[in-house]
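In the working numbering, the protein residues as written are 7 to 334.
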Ligand SMILES: [Fe+2]
């Protein structure tokens, strides 16, 4: 099954306005909106869809309150979509909507859908970095970002009562690959053999109930991650944890509470895996979760009136701060 990754995440939410503000401040582009639907896009065309949680057209919720109701997976061909439809129809209800999108449910009870991917290739905006042996940015100041503009949706994380069942469903029925294990507690899965470290992570649920944990959005580099998180925090959104750096997947992270359900995460620099990758087994422990992390985010210094010396220096140097063209 040639799945490319997450194409869209559909939420059913209690408060449309708060959720809309969350994803606007997060740095997504609102592509359409009405009283009962808002659609946002990442740089590569991945979508976040918001609908009121009382909307009867939404798939059944896995928990009370605001949460993810459906994950839409991208496929490369119509033949793959037909294969997925036949495979799922063996033991569960499958419907195909007017746009040809296949809808069903996974073994957590979550809505899953499949469509020909709408994601586009994105240009590389990662800025060159300098070291003594490799000065890759020469006679050029670094770029400073005002905020983040996420490139894609990398992964979704759920609490699950039976992680073995989820691993079996996604690997045996849909051709996913195991990337790593939290021994006895969790499994990291990716849709395609070549790609980012994981698209799904199931963590054993302490109370035996399914729940969304977070949805993760990729940014280009640590500069965009720190700027995006700081901007978002300064807009009044609550930090859950971060910034920090994970051991598993090696990525930098920053998590925030999300009124649409669970949390949202900025991440960058995750491991890129191929068919040659061997899954590891990690002991679930705080020191495995992160190499380092901050609990309460970062603070941007408040603007101070410049001293005479600083003002003179500024006039002499005339620093030029380059902004990304789309950062407005
Ligand atoms: Fe994550």
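By construction, the Cβ of each residue, glycine as well, lies at the ideal position given by its N, Cα and C atoms. None of these values were measured; they are calculated from a predicted model.
Check the C-beta distance from residue i over to residue j and give it rounded, since I have them as a contact under 8 Å.
i	j	result
residue 81	residue 14	In fact, because the Cβ distance is near 13 Å, the residues do not count as touching under 8 Å.
residue 57	residue 115	Their Cβ separation, rounded to whole angstroms, is 18 Å, which puts residue 57 and residue 115 out of contact at 8 Å.
residue 226	residue 88	About 36 Å separates the two Cβ atoms, so there is no contact after all.
residue 279	residue 196	7 Å
Cβ of residue i less than 7 Å from any chain D Cβ?
i	result
residue 274	Included in the structure is just one protein chain, with no chain D present.
Do residue i and residue j have their C-beta atoms within less than 7 Å of each other?
i	j	result
residue 261	residue 246	yes
residue 91	residue 78	no
residue 50	residue 129	no
residue 235	residue 249	yes
residue 59	residue 20	yes
residue 123	residue 117	no
residue 162	residue 221	yes
residue 265	residue 25	yes
residue 169	residue 210	yes
residue 219	residue 12	no
residue 47	residue 37	yes
residue 95	residue 109	no
residue 281	residue 251	no
Cutting at 7 Å between CB atoms, please list the residues of its own chain near residue i, excluding the five before and the five after it.
i	result
residue 224	156, 157, 158, 160, 273, 274
residue 61	18, 42
residue 214	167
What separation, rounded to the nearest whole angstrom, lies between the Cα atoms of residue i and residue j?
i	j	result
residue 300	residue 237	16 Å
residue 31	residue 256	26 Å
residue 3	residue 86	Because the chain here runs from 7 to 334, residue 3 falls outside it and cannot be looked at.
residue 302	residue 244	9 Å
residue 34	residue 228	18 Å
residue 83	residue 10	10 Å
residue 177	residue 194	11 Å
residue 203	residue 305	30 Å
residue 201	residue 113	24 Å
residue 292	residue 188	12 Å
residue 175	residue 182	9 Å
residue 149	residue 231	13 Å
residue 207	residue 164	6 Å
residue 22	residue 216	23 Å
residue 239	residue 53	23 Å
residue 136	residue 179	46 Å
residue 184	residue 283	9 Å
residue 121	residue 93	15 Å
Reducing DSSP to helix, strand and coil, say where residue i ends up.
i	result
residue 172	helix
residue 36	strand
residue 87	helix
residue 256	coil
residue 99	coil
residue 25	helix
residue 179	helix
residue 229	helix
residue 329	Confidence at residue 329 is low in this model, with a pLDDT of 42, below 50, so the placement of that residue should be treated as unreliable; the coordinate-derived value is given next. Looking at residue 329 - three-state DSSP - the assignment turns out to be coil, as it is neither helix nor strand.
residue 31	helix
residue 71	coil
residue 92	helix
residue 53	strand
residue 76	strand
residue 141	strand
Counting only the same chain and skipping the five closest in sequence on each side, list residues whose C-beta sits under 6 Å from that of residue i.
i	result
residue 326	Because residue 326 carries a pLDDT of 48, less than 50, the predicted location of this residue cannot be relied on, and no value is offered for it.
residue 173	193
Quiz item: Which residues have their C-beta within less than 7 Å of a heavy atom of ligand 2, listed in chain order?
Solution: Summarising the ligand content, the structure contains ligand 1 and does not contain ligand 2.
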